[in-house]
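Position 237 (the sequence shown) corresponds to 1705 in the working numbering; numbering is contiguous.
Below is one structure, written out as structure tokens, with a few remarks after it.
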Amino acid sequence: EAKRAGHGDYAIFDPSMHDVAVARLALQTDLRLAVQQEAFHLAYQPIVDPTTGEILSFEALLRWEHPILGKITPADFIPVAEEIGVIREIDRWVMIEACTQLKKWHILQGRSTLRMSVNTSAAEFVDPAFLDNLEAVLASCNLPPQCLELEITEGIFLHPSPQIAGIIASIRQSGVRIALDDFGTGFSSLSYISRYPIDTIKVDKSFIDEICSLESTYAIVNLIMGLGKALGLKIIAEGVETQDQVIKLVDIGCTAIQGYHYSKPMSAEEADEVIQQRVLPI
Ligand code: C2E
Ligand code: MG
Ligand code: MG
Ligand code: MG
């Protein structure tokens, strides 16, 4: 780097910054291509009734296997998809894939009580065509809307749309349910649940991680349970990894649990098998 040392103005050009910019650009390009080619698949994680082991529902989780980089977590590529404006296309693909899969499971199971949870980005949610698309997908899969739950995050309330409450109301009127994901990690979680008509709260993993070790966190989760009961909301605990956590949660009345304790997200074929077993070991 003798050249650099001799020219002070070169110093502002940090090669590591350049690498980051190039990598980011490459990721954007690859993601666009992946969208065109529908190079994604879904993993499914069960949401379980802890007292019976019955699978109540599956959450559909997006997976992208990059041709060179391998598996990239959605937490890393979804922000990029939002940035380059392809998140709606991705969410739509997920919806069709998840609903098609759920229909197959209803047939396999011989009953239609199993539900599917699908994550929905803010951009998709506030799209005026969203509900029509959703109803079209449900109709084409011949699925009752009651078996679909949309997971939204608090980020949705920061989106500049005055009609959020109206959008939520019309979605729920159609029979589709709405869950508030990652509950407790945002700014004003409590004010959102009093202001917007939702069905379900998913208590974030960061709380679950501490319920056995921190009395104050346990008290907060207990409070959320009580609140859910008072407001008629279903509570799902997410990121549950241990038996001790399950015991604590059952103690305070939790009836729906998701996490590695029961199962990691799995392929559709793996899910076929656990569906046929009907219950997971508790
Ligand atoms: P999320 O919706 O809160 O999903 C739960 C995440 O926690 C998943 O990560 C899941 O694999 C992970 N998880 C579940 N149980 C456990 C556990 O016991 N321990 C640990 N350590 N982790 C657990 P994943 O699949 O990497 O997804 C990350 C996030 O990406 C999701 O968080 C969601 O916000 C977003 N996402 C995933 N799929 C989609 C999609 O189709 N569309 C949109 N818009 N976002 C998606
Ligand atoms: Mg989710
Ligand atoms: Mg979550
Ligand atoms: Mg999340």
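Beta carbons: idealized from backbone N, C-alpha and C, even for Gly.
These figures come from a predicted structure and were not determined experimentally.
Relative to the non-hydrogen atoms of ligand 2, the Cβ of S1589 never comes closer than 8 Å to any of them. Just so you know, the alpha carbons of P1596 and V1747 end up roughly 39 Å apart.
Beta-carbon to beta-carbon, E1622 and Y1660 are separated by about 6 Å, close enough to satisfy the 8 Å threshold. A Cβ-Cβ separation of about 5 Å places A1647 in contact with E1619 under the 8 Å criterion.
In the displayed model, F1655 falls within coil according to three-state DSSP, outside both helix and strand. CA-CA distance, L1611 to G1578, rounds to 14 Å.
Here the stretch 1693-1706 lies against the stretch 1722-1734, with 3 or more beta-carbon pairs under 8 Å apart. Remark: fewer than three beta-carbon pairs, one from each stretch, lie closer than 8 Å, so the stretch 1671-1681 and the stretch 1637-1644 are not flagged as touching.
DSSP links P1514 through a beta bridge to F1526.
The beta-bridge partner set that DSSP reports for Q1726 consists of I1515.
Of the heavy atoms belonging to ligand 3, at least one sits nearer than 8 Å to the Cβ of E1619. Apart from sequence neighbours up to five positions away, the residues of its chain that approach H1574 with a beta-carbon distance below 7 Å are S1580 and L1582, ordered along the chain. With a cutoff of 8 Å, V1689 does not count as near ligand 1, since its C-beta is closer than that to no heavy atom of the ligand. Comparing alpha carbon positions, the residue from T1519, Y1512 and C1609 closest to V1742 is Y1512. Between the alpha carbons of E1737 and A1633 lies a gap of roughly 38 Å. V1490 and T1497 have their C-alpha atoms spaced approximately 11 Å apart. For R1583, the enclosing beta strand (DSSP E) begins and ends at R1583 to N1587.
A heavy atom of ligand 2 is found nearer than 8 Å to the CB of S1585.
A1507 carries a coil assignment under DSSP once its states are collapsed to helix, strand and coil. Between S1608 and L1691, the alpha-carbon positions lie close to 41 Å from each other. The C-beta distance from R1556 to A1591 rounds to 6 Å, short enough to fall under 8 Å. Between V1554 and V1548, the alpha-carbon positions lie close to 9 Å from each other. Contact annotation: V1594 and L1616 have beta-carbon atoms that are not nearer than 9 Å. Taking a 10 Å sphere around the C-beta of F1655, we find fewer than 16 other C-beta atoms and assign the residue as exposed. Where A1687 is concerned, the enclosing alpha helix (DSSP H) starts and stops at E1683 to L1699. The continuous stretches of alpha helix (DSSP H) do not include T1621, and DSSP gives it neither H nor E. Here Q1641 is exposed: its Cβ has fewer than 16 other Cβ atoms, across all protein chains shown, within 10 Å. For T1568 and K1673, the gap between their C-alpha atoms comes out near 29 Å.
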